[in-house]
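Colleague: Got a structure for you, questions after.
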DNA sequence: ACGCTATCTTGATATGGATCAAGGCACGTC
DNA sequence: GACGTGCCTTGATCCATATCAAGATAGCGT
């Protein structure tokens, strides 16, 4: 059962027989991991799969916050805009991440697909029902909120007090940690412009600083989006500022 | 029942007969507002009153996050430090505010009293018990976390993309809104250094920018800590950046 | 009231990162 | 394989804010 919505958003709706949640590639990393496989059907009932094309905005700042999302594959960027176009990316989301906590009645941020993206959508009321049904979800959601708050405070320190070099080192280490691999090669899903808007810098400064770090042998830039961290300890010292 | 702890922290412990929570000056503004007066005694049982002297650090970044706090009177600043002393204040807390959500196993921030401060302390386990006992608390805590996340995203935009003038205008409006009065005179509980560390600026820039806003008649600085917002619409336009 | 100290303001100068302006490179199209 | 078209890099210059350096104020204790 596939339903076409608007121009580029495809909804693959609930389906009693195919039990999607059970085989969800993001389940172990998402809030759904607290729900036993035997109750998966209720999860299926209140969730909908979406596929989003690259570059599409699927959450619009200021609109009624009626849905929550879990990223099941791909990457997204979350951002806030100023009237003159200045942009601050407040975070990147990947498989398993829960989106929508930073909202009151309306969304406090916009979200856009960084490449092809699949999502799982919950309506506000649907999630409420699930929370009542599975008290463990409450704890998991609070955990999720706590992690986001901790991350937000790190970003505030970075944006308010770190130099460009320290910001790039922090960013590269964060990306490396999120990649979940031990390999020191990190594949970046975002452009230089996105990195700049995440770190509160300009694209030129990002480019210059990355190349400076490469000249100092701290990193190697194989391709634009593929960076090797050659000296993790040195990068960590740089990132934390001494 | 008054228990003296360390040098300057006074604990006024649970007391079966005086029913403190019922008369708590912060109750209507705190998470406790969701609990009926008839159940107040359970709240008393799991909470402890503390009085903190000005300047004392009562939450230390990196220490085991064993307690949560509610500010019952006074103001506190929350901050993160870098090894060389650079500081980012991530928020200010006042009566009713809940502290401790931005924590995993350890606190992600430090907190210090801005002037005399009273707190209500909950142990992690005590709060867990209360959450089980009063499901409404879950919703209220999630609300609290959402508000903090929204606020954090606003701070990220401010720190990453706004000019000094825009930051000061945003700050003054935020303080004005928090004061809960309609009067256009705002009494600031924090020093210029704190404002600078909150806005990612230096104390000199804060001073110069405030005086520039005064010269332009947007504000009046009666005393250092007492500022009148003369032109709210203009300040709002400035704060949002056009 | 006096002086001590911390905080704030103001001025002069420096600088990290922004802005302006060309190139270079990769990738897709015809 | 030439030609676009979007990134990305590199260079030259500028400027908003930091830094350095005095003063000015305001509490506060004696």
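Protein chains in written order, with the numbering used here: chain A, 4 to 245; chain B, 4 to 245.
All C-beta atoms in this analysis are idealised placements derived from N, C-alpha and C, irrespective of residue type, glycine included.
Using only the alpha-carbon positions, how far apart do residue 126 of chain B and residue 140 of chain B sit?
Modeller: Their Cα atoms are separated by approximately 15 Å.
Colleague: Does any C-beta atom of chain B lie closer than 8 Å to the C-beta of residue 19 of chain A?
Modeller: Low confidence applies to residue 19 of chain A: its pLDDT is 44, below 50, so where it sits in the model is not reliable enough to give any reading.
Colleague: Please classify residue 200 of chain B: is it buried, with 16 or more other beta-carbons within 10 angstroms of its beta-carbon, or exposed?
Modeller: Under this definition residue 200 of chain B is a buried residue.
Colleague: Taking Cβ-Cβ distances below 7 Å as the criterion, which residues of the stretch 110–141 of chain A are in contact with chain B?
Modeller: Listed in sequence order: 111, 112, 141.
Colleague: Can you find a CB in chain B that lies within less than 8 Å of the CB of residue 162 of chain A?
Modeller: Yes, its Cβ sits closer than 8 Å to a Cβ of chain B.
Colleague: Can you tell me the Cα-Cα spacing of residue 189 of chain B and residue 145 of chain B, whole angstroms?
Modeller: Between residue 189 of chain B and residue 145 of chain B, the C-alpha separation is close to 30 Å.
Colleague: If you draw a straight line from the alpha carbon of residue 137 of chain B to that of residue 39 of chain B, how long is it in whole angstroms?
Modeller: Rounded to whole angstroms, residue 137 of chain B to residue 39 of chain B spans 10 Å at the Cα level.
Colleague: Is there contact here, the stretch 106–126 of chain B with the stretch 155–169 of chain B, by at least three beta-carbon pairs under 8 Å?
Modeller: Result no; under three Cβ-Cβ pairs closer than 8 Å.
Colleague: Keeping to the same chain, check which residues put their C-beta closer than 6 Å to that of residue 216 of chain B; ignore five residues upstream and five downstream.
Modeller: So the list reads 222, once near-sequence residues are dropped.
Colleague: Any C-beta of chain A within less than 9 Å: which residues of the stretch 179–208 of chain B qualify?
Modeller: Going along the stretch 179–208 of chain B in chain order, one finds 200, 201, 202, 203, 204 with a Cβ nearer than 9 Å to chain A.
Colleague: Compute the Euclidean distance between the alpha carbons of residue 202 of chain B and residue 157 of chain B, then round it to the nearest angstrom.
Modeller: Roughly 12 Å between the two C-alpha positions.
Colleague: If you follow the beta strand (DSSP E) that residue 51 of chain A is in, where does it begin and where does it stop?
Modeller: Segment 50–55, the beta strand (DSSP E) holding residue 51 of chain A.
Colleague: Return the bridge partner residues of residue 202 of chain A from the DSSP annotation.
Modeller: Its beta-bridge partners do not exist; DSSP assigns none.
Colleague: Quick one: what does DSSP say residue 109 of chain A is sitting in, helix, strand or coil?
Modeller: It is a strand residue.
Colleague: Taking all protein chains shown into account, do 16 or more other C-beta atoms lie within 10 angstroms of the C-beta of residue 62 of chain B, making it buried, or fewer, making it exposed?
Modeller: Residue 62 of chain B should be labelled buried.
Colleague: I want to verify the contact list: residues of chain A whose CB lies under 8 Å from the CB of residue 243 of chain B, in sequence order.
Modeller: What residue 243 of chain B touches in chain A: 85, 86.
Colleague: Rounded to a whole number of angstroms, what is the C-alpha to C-alpha distance between residue 155 of chain B and residue 41 of chain A?
Modeller: Approximately 38 Å, taken between the alpha carbons.
Colleague: What does residue 235 of chain A touch in chain B if you count any residue whose Cβ is under 9 Å from its own?
Modeller: Within chain B, no residue comes near residue 235 of chain A; the closest Cβ sits about 18 Å away, beyond 9 Å.
Colleague: Would you mind reading off the limits of the beta strand (DSSP E) that contains residue 229 of chain B?
Modeller: Its beta strand (DSSP E) spans residues 229–232.
Colleague: Please confirm whether residue 153 of chain B has its beta-carbon closer than 8 Å to some beta-carbon of chain A.
Modeller: Yes, contact with chain A.
Colleague: Where are the beta strand (DSSP E) runs, 3 residues long or more, that stay fully inside the stretch 74–131 of chain A, in chain order?
Modeller: Segments of the beta strand (DSSP E) lying fully in the stretch 74–131 of chain A: 90–97, 113–126.
Colleague: Leaving out five residues on either side along the sequence, give the residues of the same chain with a beta carbon under 8 Å from the beta carbon of residue 233 of chain B.
Modeller: Result list for residue 233 of chain B: 187, 220, 221, 222, 223, in chain order.
Colleague: Which bits of chain B does residue 144 of chain A rub up against, with CB to CB less than 8 Å?
Modeller: Those are 145, listed as they occur along chain B.
Colleague: Closest Cβ-Cβ distance between residue 63 of chain B and chain A: below 8 Å?
Modeller: Taking Cβ atoms only, chain A never reaches closer than 8 Å to residue 63 of chain B, which makes this a no.
Colleague: Report the residue ranges of all beta strand (DSSP E) runs contained in full by the stretch 174–226 of chain A; include only those spanning at least 3 residues, in chain order.
Modeller: If we require 3 residues or more, the beta strand (DSSP E) runs fully inside the stretch 174–226 of chain A come out as 188–190, 222–226.
Colleague: Cα separation between residue 30 of chain B and residue 238 of chain A?
Modeller: Going by the C-alpha atoms only, they are around 46 Å apart.
Colleague: Which same chain residues end up closer than 6 Å to residue 68 of chain A when comparing Cβ atoms and leaving out the 5 residues on each side of it in sequence?
Modeller: Excluding residues within five positions, the ones whose Cβ falls inside 6 Å are 106, 109, 110.
Colleague: Does the distance from the CB of residue 99 of chain A to the CB of residue 182 of chain A come in under 8 Å?
Modeller: Cβ distance not < 8 Å, so residue 99 of chain A and residue 182 of chain A don't count as in contact.
Colleague: Any idea if residue 212 of chain A is buried or exposed, counting beta-carbon neighbours within 10 angstroms, 16 or more meaning buried?
Modeller: It counts as buried.
Colleague: Please list the partners that residue 60 of chain B has in chain A, where partner means a Cβ-to-Cβ separation under 9 Å.
Modeller: What residue 60 of chain B touches in chain A: nothing, since even the nearest Cβ is about 16 Å away.
Colleague: Express the C-alpha separation of residue 209 of chain A and residue 229 of chain B in angstroms, rounding to a whole number.
Modeller: Answer to the nearest angstrom: the Cα atoms are 41 Å apart.
Colleague: Nearest by alpha-carbon distance to residue 121 of chain B: which of B:114, B:197, B:73, B:152 is it?
Modeller: Considering only alpha carbons, the answer is B:73.
Colleague: Using the Cα positions of residue 93 of chain B and residue 152 of chain A, report the straight-line distance between them to the nearest angstrom.
Modeller: In a straight line, the C-alpha of residue 93 of chain B is about 11 Å away from that of residue 152 of chain A.
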